[in-house]
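A.B. asks: Under UniProt numbering, think of the first position of the sequence shown as 250, with each following residue one higher.
We treat Cβ as the ideally placed atom computed from N, Cα and C, and that holds for glycine.
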Amino acid sequence: EKGGYEHFMMKEIHEQPAAVRDTLSPRIKDGRIELSEISLDEETIRSVRRLYIIGCGSAYHVGVAARYVFESLARLPVEVDVASEFRYRNPVLEENSLAIIISQSGETADSLAALRECHARGVPTLGIVNVVGSSIAREADAVLYTWAGPEIAVATTKAYSTQLAAIYLLATEFGRVRGTLDEEQYARLVEELEALPGKIEKTLSDKERIQWFASKYAAAKDAFFIGRGLDYAVALEGSLKFKEISYIHSEAFAAGEMKHGPISLVEKGTLVVGVLTQPDLYEKTISNMVEAKSRGAFLMGLTTYGNYNIEDTAGFTVYVPRTDPHFATSLSVIPLQLLAYYVSCAKGLDVDKPRNLAKSVTVE
Ligand code: F6R
250 EKGGYEHFMM KEIHEQPAAV RDTLSPRIKD GRIELSEISL DEETIRSVRR
300 LYIIGCGSAY HVGVAARYVF ESLARLPVEV DVASEFRYRN PVLEENSLAI
350 IISQSGETAD SLAALRECHA RGVPTLGIVN VVGSSIAREA DAVLYTWAGP
400 EIAVATTKAY STQLAAIYLL ATEFGRVRGT LDEEQYARLV EELEALPGKI
450 EKTLSDKERI QWFASKYAAA KDAFFIGRGL DYAVALEGSL KFKEISYIHS
500 EAFAAGEMKH GPISLVEKGT LVVGVLTQPD LYEKTISNMV EAKSRGAFLM
550 GLTTYGNYNI EDTAGFTVYV PRTDPHFATS LSVIPLQLLA YYVSCAKGLD
600 VDKPRNLAKS VTVE
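1) Out of ILE497, GLU440, ILE401 and ILE475, point me to the one whose CA is closest to LEU418's CA.
2) Rounded to the nearest angstrom, what separates LEU322 and ALA484 at their Cα positions?
3) Check whether the region 590-608 touches the region 565-572, counting contact only when three or more Cβ pairs, one atom from each stretch, lie closer than 8 Å.
4) Does the distance from the C-beta atom of ALA332 to that of CYS367 stay below 7 Å?
5) With respect to 6 Å, is the separation between the Cβ of GLN586 and the closest non-hydrogen atom of ligand 1 below this value?
6) If you run the structure through DSSP and keep just helix, strand and coil, what is HIS310?
7) What residue does the beta strand (DSSP E) around TYR568 start on, and which one ends it?
8) Can you tell me whether GLN265 sits near ligand 1, meaning its C-beta is under 6 Å from at least one heavy atom of the ligand?
9) Decide yes or no for the touch test of the region 261-276 against the region 358-378: beta carbon pairs closer than 8 Å, at least 3 of them.
10) What is the DSSP secondary structure of VAL329, counted as helix, strand or coil?
11) Report the option in VAL313, VAL521, GLU506 and ILE351 whose CA atom is closest to the CA atom of THR578.
12) Just to confirm before moving on: does the CB-CB distance between ALA595 and ALA463 stay below 7 Å?
13) Here's the rule I'm using: 16 or more other beta-carbon atoms within 10 Å means buried, otherwise exposed. How should TYR309 be labelled?
14) Report the residue ranges of all alpha helix (DSSP H) runs contained in full by the UniProt domain "SIS" (290-429); include only those spanning at least 4 residues, in chain order.
15) Taking the C-alpha atoms as reference points, what is the distance between PHE491 and ILE497?
16) Closer than 6 Å to a non-hydrogen atom of ligand 1 - does that hold for the CB of THR374?
17) May I have a chain-ordered list of the beta strand (DSSP E) segments no shorter than 3 residues that lie completely inside the UniProt domain "SIS" (462-603)?
18) Given that a residue counts as buried once 16 or more other Cβ atoms are within 10 Å of its Cβ, and exposed if not, what is TYR557?
19) At which residues does the alpha helix (DSSP H) containing GLU443 begin and terminate?
20) Whose CA, out of THR552, LYS470, VAL311 and ARG437, lies closest to the CA of residue 202?
21) State the start and end residues of the unbroken alpha helix (DSSP H) segment that holds ALA267.
22) Sorted by chain position, which residues of the same chain lie with C-beta nearer than 8 Å to LYS533's C-beta, five sequence neighbours on each side aside?
23) Indicate the three-state DSSP secondary structure (helix, strand or coil) for LYS278 in the structure shown.
24) In three-state terms, what does DSSP make of LYS608?
25) Give the straight-line distance between the Cα atoms of LEU479 and TYR317, rounded to the nearest whole angstrom.
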């Protein structure tokens, strides 16, 4: 049942190229995105004024990435919230807005309540859901299914990756319809989407080095994940994965926030993982990493092939293939999943069923 792997999590990590392909390819035909299944016609897409993106845990982290992607590609204002906050904060919801509820299980109590809150206030909802026929899938006005297949490990990997893929499809299509992407940009993005599963596959081939590094850091007390823009979004996910299954205290910070407080936590040997896939933010994040290093941090860098000067700063570097920067999160998340996995294994923990956690949180 684990397909020859020791844990479901590793099996599911390796299913990501196929899961992302299964999510993308039925919706791309002859170089064009085809989303007729969600009955969002072009006029509606043009008239949307604001997006609300809602989820819990990793699904929320997809939302954080989605904000950058939608704002950049479709110039659409986006609010992202965790469902348990959204449902109780009496939000001011604009007319002509659309809510996107992201959930693997489709049964998360707070996410379902947030969806109902949107309906009660007249905001239409689109579910990005993995489990067919689940509550959120049934109640949402429209559903864009992720085709990750059943996910058994408590820590999500392939569902997260397919949720990102669903967001890319939507944001790229919104950009075309709303005229913020010209035909050439659109065609290039669609091409990059089609290349993504192969690049995820390639990223997975760097496992042994990460395993070696993880065994060295298995005794760490703290780890910090930093990045800017989309690299911050993936830092959030990397840090959650890490703490969930390794039981090592970890936090993610927007790199620019380090000097506003968190850097006081850095001591000799503290692990700081810097994510640097966004070309325009590269130098900025490097300078935050240098600051942490000068206070004793050990630096792991996660960047794109070609950025080899990072080795002047980081003690250990992992490279991911080049893609359009909007889609880089799909690649940078892979080494972070592997890092968490291997640290958990090195500590002999129950990787697939971490303590205190349930696969689907159906109570508040
Ligand atoms: C983290 C994880 C959780 C879920 C969260 C939402 O690895 O799995 O944070 O992402 O509980 O679950 P769904 O997506 O089922 O609503």
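C.D. replies: In short, the structure shows the following:
1) In the sequence shown, the residue the question calls residue 418 occupies position 169. Ranking ILE497, GLU440, ILE401 and ILE475 by Cα distance to LEU418 puts GLU440 first.
2) Taking the sequence shown and counting its residues from 1, one reaches residue 322 at position 73. Taking the sequence shown and counting its residues from 1, one reaches residue 484 at position 235. Roughly 21 Å separates the two Cα atoms.
3) No, the region 590-608 is not in contact with the region 565-572.
4) The residue you call residue 332 lines up with position 83 of the sequence shown. The residue you call residue 367 lines up with position 118 of the sequence shown. 7 Å or more divides the Cβ of ALA332 from the Cβ of CYS367.
5) Against the sequence shown, residue 586 aligns to sequence position 337. Between ligand 1 and GLN586, a heavy atom-to-CB distance of less than 6 Å is absent.
6) By one-based count along the sequence shown, residue 310 stands at place 61. In the displayed model, HIS310 falls within a helix according to three-state DSSP.
7) As a working mapping, residue 568 is identified with position 319 in the sequence shown. For TYR568, the enclosing beta strand (DSSP E) covers residues 565-569.
8) Taking the first residue of the sequence shown as position 1, residue 265 is located at position 16. GLN265: no, Cβ never under 6 Å from ligand 1.
9) When Cβ pairs closer than 8 Å are counted between the two stretches, the region 261-276 is seen not to touch the region 358-378, the count staying below three.
10) Here the question's residue 329 lines up with position 80 in the sequence shown. Residue state, collapsed to three classes: strand.
11) Reading the sequence shown from its first residue, position 329 is the one you call residue 578. That would be VAL313, whose Cα lies nearest to the Cα of THR578.
12) Against the sequence shown, residue 595 aligns to sequence position 346. Against the sequence shown, residue 463 aligns to sequence position 214. ALA595 places its beta carbon less than 7 Å from that of ALA463.
13) Taking the first residue of the sequence shown as position 1, residue 309 is located at position 60. The residue is buried, with at least 16 neighbouring Cβ atoms inside 10 Å.
14) Fully enclosed alpha helix (DSSP H) runs of 4 or longer: 291-296, 306-323, 332-335, 358-369, 384-388 and 407-426.
15) In the sequence shown, the residue the question calls residue 491 occupies position 242. In the sequence shown, the residue the question calls residue 497 occupies position 248. Inter-residue distance for PHE491 and ILE497 is about 7 Å (C-alpha atoms, whole angstroms).
16) Residue numbering aside, residue 374 sits at position 125 when the sequence shown is read from its first letter. No, the Cβ of THR374 stays beyond 6 Å of every heavy atom of ligand 1.
17) Complete beta strand (DSSP E) runs here, min 3: 471-476, 498-503, 520-525, 547-553 and 565-569.
18) Taking the sequence shown and counting its residues from 1, the one referred to as residue 557 is at position 308. Per the 10 Å Cβ criterion, exposed.
19) For the purposes of this step, residue 443 is identified with residue 194 of the sequence shown, where counting begins at 1. First-last of the alpha helix (DSSP H) with GLU443: 432-453.
20) As displayed, the chain neither begins before 250 nor continues past 613, which places residue 202 out of reach and without an answer.
21) Position 18 of the sequence shown, counted from the start, is the residue given in the question as residue 267. Start and end: 265-273.
22) Here residue 533 refers to the residue found at position 284 when the sequence shown is read from its first residue. Non-local C-beta neighbours of LYS533 in its own chain, meaning closer than 8 Å and more than five positions away in sequence, comprise ARG477, ALA504 and GLY505, ordered along the chain.
23) Sequence index remark: in the sequence shown, residue 278 carries index 29 (1-based). Assignment of LYS278 by DSSP, reduced to helix, strand and coil, places it in the strand class.
24) Stepping through the sequence shown from its first residue, residue 608 is reached at position 359. Residue state, collapsed to three classes: coil.
25) Against the sequence shown, residue 479 aligns to sequence position 230. Against the sequence shown, residue 317 aligns to sequence position 68. About 7 Å.
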